[in-house]
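Notes for the one structure printed next.
There are 2 protein chains.
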Amino acid sequence: MNVSIINIGNELLIGQVVNSNAAMMSRKLIAAGIDVKEIAVIGDSADAISTTLRRLHRTSDAVIMTGGLGPTKDDITKQVLCDFYGSVLVENPEALANIQRIFDARGYELTPLNRRQAWVPECCTMINNVLGTAPAMWFESGTRRRKVVVSLPGVPFEAENLMDTEIIPRLKSYFQTGIIINKNILVQGIGESFLSDLIEPWETGLPQCMSLAYLPQAGMVKLRLTAKGDNHDELVNGVMREVKKLYLLAGQYIVGEDLETIPEAVARIFSMNALTLSTAESCTGGALASKLTALSGASKYFRGGVVAYSNDVKMDILGVRRETLESQGAVSEATVREMAEGIRSRTSSDYGVATSGVAGPTGGTDEKPVGTVWIAVAGPRGTETRLKKFGDDRLRTIERACNEVFSMLINQIKEREQ
Amino acid sequence: MNVSIINIGNELLIGQVVNSNAAMMSRKLIAAGIDVKEIAVIGDSADAISTTLRRLHRTSDAVIMTGGLGPTKDDITKQVLCDFYGSVLVENPEALANIQRIFDARGYELTPLNRRQAWVPECCTMINNVLGTAPAMWFESGTRRRKVVVSLPGVPFEAENLMDTEIIPRLKSYFQTGIIINKNILVQGIGESFLSDLIEPWETGLPQCMSLAYLPQAGMVKLRLTAKGDNHDELVNGVMREVKKLYLLAGQYIVGEDLETIPEAVARIFSMNALTLSTAESCTGGALASKLTALSGASKYFRGGVVAYSNDVKMDILGVRRETLESQGAVSEATVREMAEGIRSRTSSDYGVATSGVAGPTGGTDEKPVGTVWIAVAGPRGTETRLKKFGDDRLRTIERACNEVFSMLINQIKEREQ
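Here the protein sequences line up with chains Z and D, keeping their order. Mapping the first sequence onto the numbering used here, position 169 (from 1) lands on 169, and the numbers just tick up by one. To convert, take the position in the second sequence, counting from 1, and add 1000; that gives the numbering used here.
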């Protein structure tokens, strides 16, 4: 079966908002074994919604729409759906109770405009949106080829919660999609094409019910092994067997299982080994700490960090020596080494990491052009330093410097544990 | 005139990558006075590309496509374009020289596969992509109603550079879109609906050639005043006159002109007033520093920051007293005040800001539930503290706490300057 997505909203068409809903929905659909055929982004216009709905309803088994359900706009999407199904809007008592509950909690009076949000097409199944006032709607039609249309609110966290708790389970059951097992394996320290060569014998020998996807990310590759079938236990056991074989071929590059990003891999390896970490950042400016602390549970292993933008902070808080800064400069191996060792001892952490570089676009010299970054990782076995040249885009340099730090950390700890 | 966008790539359909190209392109088109009609995201399939191109070519003046031009995939998009225009692929010498230049700079040998990237449909105008190996292509057709199709590489920074330097200027000239003047005014400290009431008399009195858009963002509203016409100087003068009138009505809420985000407003106000800033972060975990240092020129006013995740770091580096932490707890007015004052004096900055809270999802108590955040801003006139409850989503709590800090900072400095 396949699904098409329609994201409705003028704010998407003018580029005011990046369409994160589409990626979120696609990820969840793919993980459930449901293919995504097309994503259409259109404005708040009845014509555009109607035309796009008719077109995608013809070619897809299900169409999931987001947006156009706010209290000032709801008539557009809902009226198009009424016209499409030849239905009329009726007040839904359960939706009204949910809206009343949310207004009571916020201490607001319910206005007639807000009450309109409880009206849904008579022919749909109303799906309660516990996080917001716009209900979701589920429409079924067809007998020989069954079709579904879903309308969700455009607020990302409301849409995500409804996808998880209601829409994905309902689609799986309605279209009897069978059982899907996904296993993610994060691989780091080897390029995609070398990895592909290395594991080719394993990949070609996979059972027919399994498929492998390469999902390259900044600094690493995510391998996704997907098994489809009818017997849950058989699939799980089969996946476990194949993952064991993969470890024999590429174990040294595997960072972890069921992880999504490289900071998650850092969190996993520090938590598992009961190690602690601190950061001393110049050119990454807090991005290292921010990426680590964006994950819940960071306080278990992350003790803290210093953003040492000025030389005074490098000296006063991190203990970098004035003569080092004066003779070598802030962007140097000696400075970044003293920063990493300084934050490590200052916070009594097992590992201290540091970055110092020229993020740009200004500040570059012939000797140290924009994109030059020194990185240091100080640990129980000493300090490792690395010089990188990342090019002239400020945000990409920050991003790539962070990934480099995380990679060096993971490798040091893996080597130590082996 | 209007444009439709086609973003091609399986990585977009499976949600591996968020479609940031669409928002980037839309913003630039809208700023140039060109409406965006639809954004279609489809996979790397000749059928899908062909069908979508035919459909949108009928309804739009121009279609801009991204993706499908990598060395392993280029035959798909280019072959579809050849079929669409009845053309054939020929090697373009200028494109080949560009590819050769890039390979030489990286020290790589040019392979036949890479050389294929220099082949483009004979009927198109090749547009050189100085940042990458896949050339852009420009197709024209029609006499009574002129139509354009553009094909761009999917790599975001290559696509962005081509939009700025080539595609937008060419579209404006080819379709003679006239002159557009945009003026952005950032407003902060007043909700969208109150702002709308306040400036209504001004908005309704705008000359016919001008229009106003409300673009609400986290913590603020961006007003965009757009003037369209033929005479550049008249438009600029007219916009200046109207902005002056806006200041008379809402000047106290205006943070700055030609700014995009709230950290940019902070950077502007600190640079203009030659002030310095430092951060002490617990629950925001480096996000405050990271948002400030993502902007170039941050070193002018940002001295540094401490991410004080553990209580030891709060005491040792920021000088928070042990008795404060023991009697009041880390998430308390007293702690956050000592953190802000500590970082301010430690770094000799004009302003020191601090956050301490329960970002969640764990760590909440009845008294201090998840989402509880204490904020302090220490400045020349003393320390202001604020307690906020942001709800139970970790990343949204971090985001909203940062915006609250930035708002408090801006307001304190504006009050001081008045």
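Virtual Cβ for every residue (Gly too), placed ideally from N, Cα, C.
Three-way DSSP call (helix, strand, coil) for residue i in this model
i, result
"MET1001 of chain D", "coil"
"VAL1239 of chain D", "helix"
"PHE194 of chain Z", "helix"
"ALA1213 of chain D", "strand"
"ARG336 of chain Z", "The displayed chain sequence assigns Val, not Arg, to residue 336 of chain Z. In the structure shown, VAL336 of chain Z sits in a helix (DSSP, three-state: H, G or I)."
"GLY1351 of chain D", "The amino acid occupying residue 1351 of chain D in the given sequence is Tyr; Gly does not appear at that position. Looking at TYR1351 of chain D - three-state DSSP - the assignment turns out to be strand."
"GLY1304 of chain D", "strand"
"ALA1274 of chain D", "coil"
"LEU69 of chain Z", "coil"
"THR279 of chain Z", "strand"
"LEU1131 of chain D", "coil"
"ALA1330 of chain D", "coil"
"THR51 of chain Z", "helix"
"SER1453 of chain D", "The shown model of chain D, from 1001 to 1418, leaves out residue 1453 of chain D, and the question about it has no answer."
"GLU1158 of chain D", "helix"
"LYS291 of chain Z", "helix"
"PHE1084 of chain D", "helix"
"ASP316 of chain Z", "helix"
"SER1111 of chain D", "According to the sequence displayed, residue 1111 of chain D carries Thr and not Ser. Three-state result, THR1111 of chain D: coil."
Residue i: contacting residues in chain Z (beta-carbon distance under 7 Å)
i, result
"ASN1182 of chain D", "Under the 7 Å cutoff, chain Z gives no residues; its nearest Cβ is about 12 Å from ASN1182 of chain D."
"MET1024 of chain D", "GLY15"
"VAL1003 of chain D", "None at all; the shortest Cβ gap to chain Z is about 10 Å."
"ALA1267 of chain D", "The premise fails here: ALA1267 of chain D is roughly 13 Å from chain Z at the closest Cβ pair, so nothing lies under 7 Å."
"ALA1289 of chain D", "GLY285, GLY286 and VAL307"
"SER1050 of chain D", "Going along chain Z, no residue has its Cβ under 7 Å from SER1050 of chain D, so there is no contact; the nearest lies around 13 Å."
Contact belief for residue i with residue j at Cβ below 8 Å, rounded distance in angstroms
i, j, result
"ASP1061 of chain D", "MET1137 of chain D", "Incorrect: roughly 17 Å between the Cβ atoms, too far for contact."
"ARG268 of chain Z", "LEU259 of chain Z", "6 Å"
"LEU1131 of chain D", "ILE1064 of chain D", "LEU1131 of chain D to ILE1064 of chain D, Cβ: 17 Å. No contact."
"SER1026 of chain D", "GLY379 of chain Z", "With a Cβ gap of about 46 Å, SER1026 of chain D and GLY379 of chain Z do not count as contacting."
"VAL120 of chain Z", "ALA95 of chain Z", "7 Å"
"LEU225 of chain Z", "GLU200 of chain Z", "Not quite, the Cβ-Cβ distance comes to about 15 Å (not below 8 Å), so this is no contact."
Buried versus exposed, by CB contacts within 10 Å (16 or more), residue i
i, result
"SER193 of chain Z", "exposed"
"LYS1244 of chain D", "exposed"
"ALA105 of chain Z", "exposed"
"THR1077 of chain D", "buried"
"GLN117 of chain Z", "buried"
"ASN273 of chain Z", "exposed"
"PRO1135 of chain D", "buried"
"VAL148 of chain Z", "buried"
"GLN208 of chain Z", "exposed"
"ARG54 of chain Z", "exposed"
Chain Z residues whose Cβ lies nearer than 9 Å to that of residue i
i, result
"ASP1393 of chain D", "PHE157"
"ILE1317 of chain D", "GLY304, VAL306, ILE317, ARG346 and THR347"
"ILE1168 of chain D", "Result: empty, since nearest Cβ-Cβ is about 13 Å, beyond 9 Å."
"LEU1215 of chain D", "GLU11, ILE14 and GLN16"
"SER1193 of chain D", "Residues of chain Z passing the Cβ test: none, with the nearest at roughly 11 Å."
Within chain D, partners of residue i - CB distance below 9 Å
i, result
"ASP312 of chain Z", "ARG1303, GLY1304, THR1347 and SER1348"
"ILE42 of chain Z", "LYS1037, GLU1038 and ILE1039"
"ALA376 of chain Z", "In chain order: nothing, as chain D lies at least about 18 Å away."
"SER165 of chain Z", "According to the sequence displayed, residue 165 of chain Z carries Thr and not Ser. Near THR165 of chain Z there are no residues of chain D at all, since even the closest Cβ is about 15 Å away, more than 9 Å."
Residues bridged to residue i [DSSP beta-bridge criterion]
i, result
"VAL149 of chain Z", "Z:VAL63 and Z:PHE139"
"VAL1373 of chain D", "D:GLY1357 and D:LYS1388"
"GLN188 of chain Z", "Z:MET220"
"VAL1036 of chain D", "D:VAL1003"
"SER45 of chain Z", "SER45 of chain Z is not bridged to any residue."
"VAL182 of chain Z", "In the sequence on display, residue 182 of chain Z carries Asn and not Val. For ASN182 of chain Z, which the question treats as bridged, DSSP gives the partners Z:THR226."
"VAL1255 of chain D", "Partner(s): none; VAL1255 of chain D has no beta bridge."
"THR1383 of chain D", "D:ALA1378"
"ALA1401 of chain D", "BP columns for ALA1401 of chain D are empty, so no partner."
"ILE1008 of chain D", "D:ILE1042"
"THR1125 of chain D", "D:TRP1138"
"TRP202 of chain Z", "In the DSSP output, where bridge partners are listed per residue, TRP202 of chain Z has none listed."
"GLU1091 of chain D", "D:TRP1119"
Interface residues of chain D facing residue i [CB-CB closer than 7 Å]
i, result
"SER424 of chain Z", "The structure shown does not extend to residue 424 of chain Z, since chain Z is modelled only from 1 through 418, so no value can be given for it."
"THR355 of chain Z", "Residues of chain D passing the Cβ test: none, with the nearest at roughly 11 Å."
Chain D residues whose Cβ lies nearer than 8 Å to that of residue i
i, result
"PRO361 of chain Z", "SER1296"
"ARG27 of chain Z", "ILE1014, GLY1015 and GLN1016"
Under 8 Å from the C-beta of residue i: neighbouring residues of chain Z
i, result
"ALA1308 of chain D", "GLY304"
"ILE1030 of chain D", "ILE14 and GLY15"
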